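Okay, structure first, notes after.
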Amino acid sequence: MALLQIAEPGQSDAPHQRRLAVGIDLGTTNSLVAAVRSGSADVLSDQDGHRSVPSVVQYASDGTTRVGQAAESSSADSRSTIRSAKRLMGKGAADLTDSWLSKHYEFDVDSGSLPAFVTAAGNKTAIDVSAAILQQLKQTAEETLGGELAGAVVTVPAYFDDAQRQATKDAASLAGLQVLRLLNEPTAAAVAYGLDNEEGGIVAIYDLGGGTFDISLLKMQQGIFEVLATAGNTSLGGDDIDNALVQWLMDQAGIDSLADPQLESDTKAYARDLKEALSAAASVSVEWDDRAGHELRTELTREAFDELVMPLVSATLKPCRQVLRDADVERDQVTAVVMVGGSTRVPLVRDQVSEFFGQPVLTSIDPDEVVAIGAAIQADVLVGNKPDSDLLLLDVTPLSLGLEIMGGLVEKVIPRNTTIPIARGQEFTTYKDGQTAMALHVVQGERELVDDCRSLARFELKGIPSRVAGAARIQVLFQVDADGLLTVSALERESGVVASVDVKPSYGLSDGEIETMLRESMDHASEDMQKRALQEQKVEAARVLEAIEAALQADGDEHLKAEERAVIDAHIAHLKSVVDNGADREVIKQAVQALEQGSAEYVERRMNASVRQMMSGQGLDEIDSAVGKAKHEACSSDS
Amino acid sequence: MQVDLSSNFFELFDLPVQFVIDEPTLITRFQDLQKQLHPDRFAAKPAAERRWSMQAASYVNEGYQTLKSDLQRAIYLLKLNDVSLDEETDTQMSPMFLMEQMEYREALEAAESAADPLGKLDAVRKQLKAGIHEQSQAFDQASNTGNWDEARTTVRQWQFLDKLAREVKSMEERLDV
Chain A
109 MALLQIAEPG QSDAPHQRRL AVGIDLGTTN SLVAAVRSGS ADVLSDQDGH RSVPSVVQYA
169 SDGTTRVGQA AESSSADSRS TIRSAKRLMG KGAADLTDSW LSKHYEFDVD SGSLPAFVTA
229 AGNKTAIDVS AAILQQLKQT AEETLGGELA GAVVTVPAYF DDAQRQATKD AASLAGLQVL
289 RLLNEPTAAA VAYGLDNEEG GIVAIYDLGG GTFDISLLKM QQGIFEVLAT AGNTSLGGDD
349 IDNALVQWLM DQAGIDSLAD PQLESDTKAY ARDLKEALSA AASVSVEWDD RAGHELRTEL
409 TREAFDELVM PLVSATLKPC RQVLRDADVE RDQVTAVVMV GGSTRVPLVR DQVSEFFGQP
469 VLTSIDPDEV VAIGAAIQAD VLVGNKPDSD LLLLDVTPLS LGLEIMGGLV EKVIPRNTTI
529 PIARGQEFTT YKDGQTAMAL HVVQGERELV DDCRSLARFE LKGIPSRVAG AARIQVLFQV
589 DADGLLTVSA LERESGVVAS VDVKPSYGLS DGEIETMLRE SMDHASEDMQ KRALQEQKVE
649 AARVLEAIEA ALQADGDEHL KAEERAVIDA HIAHLKSVVD NGADREVIKQ AVQALEQGSA
709 EYVERRMNAS VRQMMSGQGL DEIDSAVGKA KHEACSSDS
Chain B
29 MQVDLSSNFF ELFDLPVQFV IDEPTLITRF QDLQKQLHPD RFAAKPAAER RWSMQAASYV
89 NEGYQTLKSD LQRAIYLLKL NDVSLDEETD TQMSPMFLME QMEYREALEA AESAADPLGK
149 LDAVRKQLKA GIHEQSQAFD QASNTGNWDE ARTTVRQWQF LDKLAREVKS MEERLDV
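If you read the sequences in order, they're chains A and B. If you count the first sequence from 1, you need to add 108 to reach the working numbering. If you count the second sequence from 1, you need to add 28 to reach the working numbering.
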């Protein structure tokens, strides 16, 4: 019996010195570090007064590494100046095809398990690049706070999978940071607004960044945040607004394409300026030319701009409806809406989201800083500076975790949106007589078929005692810790044989893949169910065939006359032919039933015989398994 | 505070072992337990304590999720009373219930091609909700009087309705463009 005495909060530890802890928002384009000082959380500026560090690292041939503004302003070799490394965190070589990164960088995918950027200072993985950024933030924090850090809370997108979280943690260790917790970005934003101090309610976190959109619903009550559901779209963001504006400029000027990459990037920068100006002004004057004689002088009104932005905003509302459904929450139950990400500065975004949720949205904290600030507050609690704090954050799994079962199907063990940490077991059994090993394949995703989900790990349980099919009992346990990292273990009950694996794949899902998988799981729900039903029927047919053939081989001649045997053989041949000829589920099912009915008499004779045999003094275990097997075979005739 | 991880979920949450529970008690007790046991409370503690905390918090989460759901709570009560559901092999249902199931399936199929599919689905959902409510009431009565055969039958039917309700939900998701 596991009894544990737990001291009341604040009593167990001796009073200690205040420890230094920070919150870090490790972003795709910018990263920030924040800390709680004199009771309030704020972003820490570096020596030059910058409140954020561009997530850019430059590796020079002389071995110097420049981070942030220094890397950006230097004009050296662009292949060695790494941007957006976050996109590659937890990913493998297979994810590099047709991505933005592969267009801009050279990769070495052969010399290690992780793909590496080829730079002037050698190969660097996304973990190395992130570690360099984290190191810079750590230095800023230690200089500003005047001491060594005891720990840090690092934020990750809510949809980050196991491999991406693991990679983030690895980068922090590499930078010499003690990670107190990986925190989901939306949860951090809610903490920043102090919503944990409210009476209780449901908070929606609307996060529209440069290239991604996320929406999460959190329930809060007595200082506890519970993530109810999360959804999003990894190819939706402020960049779409910029692109729409570029297109508008081209349309107005009457041209089809932009001549060169330089003009393209300058035009995009100009579009961003227009966008920012229109967040405050009702209209702006436009002066643009394509350096080839096409000139544009006009006025862009907020109204016309809104029209360009509208499709993007509408696209974000679909995931909003999805989280409400997933969490079984009505719109009017939402008590607060928090805006995160630079793109939420666009007035139309605020207006539309307000209208959707029927209330004003929260914008008082800078949407670019809100995540880092929330992380700092959580870090202060975790490091033990606030022993009386009630703040507790309960997160959920972003995608379902399961195992491959017969027929290439997925058995979900932990469904998505399950509160973590969680441990869940599932019992499996052997499929063949005398089977002594079992291969386990751990997958992640919402679809019914293994091929449509992401493979996370494979391992094998060996040394299962040899028994008839279905007699061994194998307990498979999934454990997801508070950071969302998974461990899977398998145990054979009778022998106590154990195998386990920390799921640390060399790569994980790409953002696009996660979103596509979620979307496809909806699009294909009914198709999947049909496929699954057919697949299950095929598995059932194979099981029945294998059982009857094994039985016939063992004692068919003993229990059956030749003509009886011929009838059963005919049923077997028929079932095999319908399965091989790709018949539909119903036809296979009828053939299975026909075989079972045709062999019912034989099965009964066998059962009686085996019971008689058992009575003549065998061990209890063998009786159990023999009865189990006989029953199993007998039962299958009425399924 | 003492936590016994071998206690059943009802005991863990200070609730009487019965179908109808006081939800505020469940929530309050869940929060109290997590405030003490969650790994975040052990972030600065030795590895052995952190591991224990993860196991304890997992157990509490599992219990909370089991008791929070009416259907899961009912299934758990059956398990506590050694009543097996035998989902795999047992397909014997009353003809009347099966007929009802077919009507639901037909209504679902009709809804998908209807002029106002979401409205039709909404009607089906409401009907299912009422059906589920009926099963839960029947389960409550049967389990309180120790009629486990009857309790088991209601859970089997409830599972069918629950599956349908989930299909309605995923259909709504597909239709939402």
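Glycine included, every Cβ here is placed at the ideal spot set by N, Cα and C. If you're wondering where the values come from, they're calculated on a predicted model, not measured in any experiment.
Leu134(A) sits in a strand when the DSSP states are folded into three classes. The criterion of a C-beta distance shorter than 9 angstroms is not satisfied by Val431(A) and Ala298(A). Between Ala143(A) and Val164(A) a beta carbon distance of about 23 angstroms is seen, past the 8 angstroms cut, so the two are scored as non-contacting.
Under the Cβ criterion of 9 angstroms, Pro529(A) is counted among the residues facing chain B. Proximity of the region 457–466 of chain A to the region 286–300 of chain A falls short of the contact definition, fewer than three beta-carbon pairs being nearer than 8 angstroms. For a cut-off of 8 angstroms, the C-beta gap from Glu519(A) to Gln534(A) is around 7 angstroms, short enough to register as a contact. Gly176(A) and Lys246(A) have their C-alpha atoms some 13 angstroms from each other. For Leu668(A), the secondary structure class from DSSP, reduced to helix, strand or coil, is coil. Rounded to the nearest angstrom, the Cβ distance from Val264(A) to Glu293(A) is 7 angstroms, consistent with a contact under 8 angstroms. Chain-order list of chain A residues neighbouring Ile55(B): Gln329, by C-beta distance under 8 angstroms. Close CB contacts of Asp414(A) within its chain, under the 6 angstroms cut and outside five residues either way in sequence, are with Leu456 (chain order). Annotation for Tyr92(B): Phe58 place their beta carbon closer than 6 angstroms to its own, counting only its chain and skipping 5 residues before and after.
If you look at Gln62(B), you'll find it in the alpha helix (DSSP H) that goes Glu51 to Leu65.
Within a 10 Å sphere around the beta-carbon of Asp269(A) sit 16 or more other beta-carbons, which makes this residue buried. At least 9 angstroms separates the beta-carbon of Val606(A) from that of Ala565(A). In the DSSP assignment, Val461(A) falls outside any beta strand (DSSP E) and within the unbroken alpha helix (DSSP H) covering Pro455 to Phe465.
If you draw a straight line from the Cα of Thr227(A) to the Cα of Arg273(A), it is about 25 angstroms long. Residues of the region 468–493 of chain A with a C-beta less than 9 angstroms from any C-beta of chain B: Gln486, Val489, Leu490, Val491 and Gly492, listed in chain order. Per DSSP, Met328(A) lies in no alpha helix (DSSP H) segment; the continuous beta strand (DSSP E) that holds it begins and ends at Phe321 to Gln329. For Phe125(B), the enclosing alpha helix (DSSP H) has its first and last residue at Pro123 to Glu140. Pairing Ala143(B) with Leu149(B), the inter-Cα distance amounts to about 11 angstroms. In the DSSP assignment, Leu408(A) is bridged to Val392(A). Following the DSSP letters along the chain, one finds Val287(A) inside the beta strand (DSSP E) bounded by residues Val287 to Asn292. Of all residues in the region 310–325 of chain A, none has a C-beta nearer than 9 angstroms to a C-beta of chain B.
Among the residues of chain B, those whose CB is under 7 angstroms from the CB of Leu500(A) are Gln62, Lys63, His66 and Asp68, following chain order.
Note on geometry: alpha-carbon atoms of Glu657(A) and Asp663(A) lie some 10 angstroms from one another. By the neighbour-count criterion, in which a residue is buried when 16 or more other Cβ atoms sit within 10 angstroms of its Cβ, Thr172(A) is exposed. The three-state reading of DSSP puts Lys194(A) in helix, counting H, G and I together.
Among the residues facing chain B, Gln534(A) is not included, as its CB has no counterpart in that chain under 9 angstroms away.
Take Ile190(A), set aside five residues on each side of it, and the residues of its chain with a beta-carbon closer than 6 angstroms to its own are Val165, Phe225 and Val237, in chain order.
Within chain A, not a single residue places a beta-carbon under 8 angstroms from that of Gln185(B); the smallest gap is close to 18 angstroms. Taking every protein chain shown into account, the CB of Leu203(B) has fewer than 16 other CB atoms within 10 angstroms, so this residue is exposed. Between Ser171(B) and Leu105(B), the C-beta gap is smaller than 9 angstroms, which places the two residues in contact.
Under the 10 Å beta carbon count, Lys639(A) is surrounded by 16 or more other beta carbons and is classified as buried. Look at Lys148(B): its C-beta is not under 9 angstroms from any C-beta on chain A. CA-to-CA, the gap between Gly346(A) and Gly259(A) works out to about 33 angstroms.
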